[in-house]
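Note sheet for the following structure.
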Amino acid sequence: MFESLGGNPEAGGTWASNGLVYTYTQTTSLGCNNKSASVTVDEKGAKSAGLDGFLKICKGTVLTEKQLFDALEGNPEAGGTWASNGLVYTYTQVASLGCNPNFSRVVVMEQSEAKSAGADATLTICKGTTLTEKQLFAALKGNPETGGTWSENGLIYTYTQTTSLGCNNKSASVTVNEESEVKSAGLDGVLSMLDGTEPTEDDLFAALEGFPDTDGSWVKKNSNTYIYTITSTSPCTKNKTATIRIKRNQEVANGFSPNGDGVNDTWIVLPDVANKYPKNIMRIYNRHGNLVYKALTYNNDWDGTSNGKITINKESKLPVGSYVYILELNNATKKVLKGWVYINY
1 MFESLGGNPE AGGTWASNGL VYTYTQTTSL GCNNKSASVT VDEKGAKSAG
51 LDGFLKICKG TVLTEKQLFD ALEGNPEAGG TWASNGLVYT YTQVASLGCN
101 PNFSRVVVME QSEAKSAGAD ATLTICKGTT LTEKQLFAAL KGNPETGGTW
151 SENGLIYTYT QTTSLGCNNK SASVTVNEES EVKSAGLDGV LSMLDGTEPT
201 EDDLFAALEG FPDTDGSWVK KNSNTYIYTI TSTSPCTKNK TATIRIKRNQ
251 EVANGFSPNG DGVNDTWIVL PDVANKYPKN IMRIYNRHGN LVYKALTYNN
301 DWDGTSNGKI TINKESKLPV GSYVYILELN NATKKVLKGW VYINY
């Protein structure tokens with residue numbers, strides 16, 4: 001305080017204060033011509049450093065002093081200085097005399113990048129299938145983590161992982177392919193065959209029920225069982241296999257009554273004979289060995305009428321009696337069926 005006095009003060013006086021006014025007085029023993037001088041103190045404090053604050057940032061972000069200053073609470077004033085200790089940043093305001101500095105801190109919290117969204121993928125589904133997020137997530141490649149959200153744009157579904165600050169958001173897409181074609185091997189069926197005959201693939205395919213596709217393949221399991229298989233990676237494939245069982249020992253009907261009553265009016269030699277053996281040839285002879293009927297691709301439609309051969313009048317009904325038939329199947333086995341048939345009106 002003494003050094004703050006103007007002029008040439010001498011030591012030995014006394015000080016008295018009144019607020020911020022300090023008075024220095026020199027006296028004599030008799031109190032003659034006492035002298036005094038005053039020092040008025042002007043207190044200058046440091047400016048406000050505000051209050052402590054928090055700041056969340058994405059990991060790896062380069063901080064600026066502006067970001068730190070904006071994170072301070074209260075009413076901080078500009079002009080201070082920053083110092084860091086790890087993730088704690090201290091803002092200090094110092095008066096010109098260095099008296100009573102003010103300071104506050106900003107604690108920085110770093111947020112890591114978003115979790116993995118995996119990698120792009122494709123997903124094939126049957127048209128009309130209702131997709132679930134579980135199916136989409138399972139289709140993602142890489143190592144996706146749960147917790148993301150899905151968005152849709154037509155047949156492209158995007159999976160996104162975010163953080164509250166949007167730090168390095170990650171996304172991956174699943175492109176959906178819709179298949180409308182439904183593959184099928186058809187349904188199991190039964191094929192009637194004569195002993196000693198073997199079915200062709202056409203025979204087997206015709207015996208399939210349902211709506212089988214034609215691009216399958218056949219495997220013979222045993223002499224009476226054939227397996228038809230559709231090979232497809234499509235998720236829309238139904239009934240990938242169907243089985244045909246062969247019913248053998250088919251008996252030939254040896255009689256019919258073509259009297260026009262609507263019952264047993266034509267000779268059914270074998271069920272569906274024209275379809276099963278489309279190249280068949282039927283010949284029928286009377287007891288004298290005369291050919292009375294011939295048909296290419298016989299279709300179970302003979303009604304006992306001659307079709308005009310030697311000694312037999314054309315379009316005439318044959319008399320009651322027994323007739324010999326010869327049926328050439330003309331299939332892979334070249335089997336020929338022989339026997340007799342009886343006409344009775």
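Numbering (the numbering used here), first residue to last: 1 to 345. Each residue gets a CB set at the ideal place from its N, CA and C atoms; glycine is no exception. The structure presented is a predicted model; accordingly, all values stated were derived computationally and were not measured.
Handout entry: Distance between residue 57 and residue 44 (C-alpha atoms, nearest Å)
Key = For residue 44 and residue 57, the distance between alpha carbons rounds to 37 Å.
Practice task
May I have the straight-line CA-CA distance separating residue 114 from residue 146, to the nearest angstrom?
Solution key: In a straight line, the C-alpha of residue 114 is about 11 Å away from that of residue 146.
Exercise for the section: Report yes if the CB atom of residue 136 is closer than 7 Å to the CB atom of residue 174, and no otherwise. Expected result: Annotated as proximal: residue 136 and residue 174, with beta-carbon spacing under 7 Å.
Practice task
Please determine if the segment 52-72 and the segment 12-23 are in contact, where contact requires at least 3 C-beta pairs separated by less than 8 Å.
Solution key: With contact defined as three or more Cβ pairs closer than 8 Å, the segment 52-72 and the segment 12-23 are not in contact.
Practice task
Please classify residue 327: does DSSP put it in a helix, a strand, or coil?
Solution key: DSSP places residue 327 in strand when its eight states are reduced to three.
Exercise for the section: Could you please give the first and the last residue of the uninterrupted alpha helix (DSSP H) stretch that includes residue 274? Expected result: First-last of the alpha helix (DSSP H) with residue 274: 273-276.
Handout entry: DSSP-derived helix/strand/coil call for residue 198
Key = If DSSP states are grouped into helix, strand and coil, residue 198 belongs with coil.
Problem - As assigned by DSSP and simplified to three states, the class of residue 65 - result: Helix, per DSSP.
Practice task
Compute the Euclidean distance between the alpha carbons of residue 220 and residue 155, then round it to the nearest angstrom.
Solution key: If you take the alpha carbons of residue 220 and residue 155, they lie about 43 Å apart.
Exercise for the section: Pull up the DSSP beta-bridge partners for residue 58, would you. Expected result: Per DSSP, 111.
Practice task
To the nearest angstrom, report how far apart residue 184 and residue 274 are at their CA atoms.
Solution key: C-alpha of residue 184 to C-alpha of residue 274: approximately 27 Å in a straight line.
Handout entry: Between the CA atoms of residue 72 and residue 79 - distance to the nearest angstrom
Key = Residue 79 and residue 72 have their C-alpha atoms spaced approximately 14 Å apart.
Practice task
Out of 13, 39, 46 and 40, point me to the one whose CA is closest to residue 31's CA.
Solution key: Checking every option, the nearest Cα to that of residue 31 belongs to 13.
Handout entry: Residue nearest to residue 188 in terms of C-alpha spacing, selected from 210, 104 and 88
Key = Just measuring C-alpha positions, the residue of 210, 104 and 88 sitting nearest residue 188 is 210.
Exercise for the section: Measure how close the beta-carbons of residue 207 and residue 190 come, nearest whole angstrom, since I'm counting them as under 8 Å. Expected result: That pair is a contact at about 7 Å.
Handout entry: For residue 221, the three-state DSSP class (helix, strand or coil)
Key = Strand at residue 221.
Handout entry: Cα-Cα separation between residue 318 and residue 262, rounded to whole angstroms
Key = Rounded to whole angstroms, the separation of the alpha carbons of residue 262 and residue 318 is 18 Å.
Handout entry: Neighbourhood of residue 26 by C-beta distance below 6 Å, restricted to the same chain and skipping five residues each side
Key = The beta carbon of residue 26 lies closer than 6 Å to those of 13 and 35 in the same chain, with the five residues before and after it left out.
Practice task
Specify, as a first and last residue, the run of the beta strand (DSSP E) that residue 16 falls within.
Solution key: That run of the beta strand (DSSP E) goes 14-18.
Exercise for the section: Would you kindly report the start and end of the unbroken beta strand (DSSP E) that includes residue 295? Expected result: Taken as a continuous stretch (DSSP letters only), the beta strand (DSSP E) holding residue 295 covers 291-296.
Exercise for the section: Taking 7 Å as the cut-off, decide whether the C-beta atoms of residue 76 and residue 50 are in contact. Expected result: Yes, they are a contact pair.
Practice task
Taking only runs that begin and end inside the segment 102-172, name each unbroken beta strand (DSSP E) of 3 or more residues, in chain order.
Solution key: Unbroken beta strand (DSSP E) stretches of 3 residues or longer found wholly inside the segment 102-172: 102-111, 121-126, 149-153 and 156-161, given in chain order.
Practice task
Assign residue 302 to buried or exposed, taking buried as 16 or more other Cβ atoms, counted over all protein chains shown, within 10 Å of its Cβ.
Solution key: By the 10 Å Cβ count, residue 302 comes out buried.
Handout entry: Which of helix, strand or coil DSSP assigns to residue 95
Key = Residue 95 falls in the coil class under three-state DSSP.
Exercise for the section: Please report how far the alpha carbon of residue 67 lies from the alpha carbon of residue 90, in whole angstroms. Expected result: Computed Cα separation, rounded: 13 Å.
Exercise for the section: Count the other C-beta atoms from every protein chain shown that fall within 10 angstroms of the C-beta of residue 127, then say buried if there are 16 or more, exposed otherwise. Expected result: Under this definition residue 127 is an exposed residue.
Exercise for the section: Taking residue 86 as the reference, give the member of 334, 271 and 63 with the closest Cα. Expected result: Selected option, being the one with the closest Cα: 63.
Handout entry: Contact under 7 Å by Cβ, residue 172 with residue 216
Key = Contact flag unset, no.
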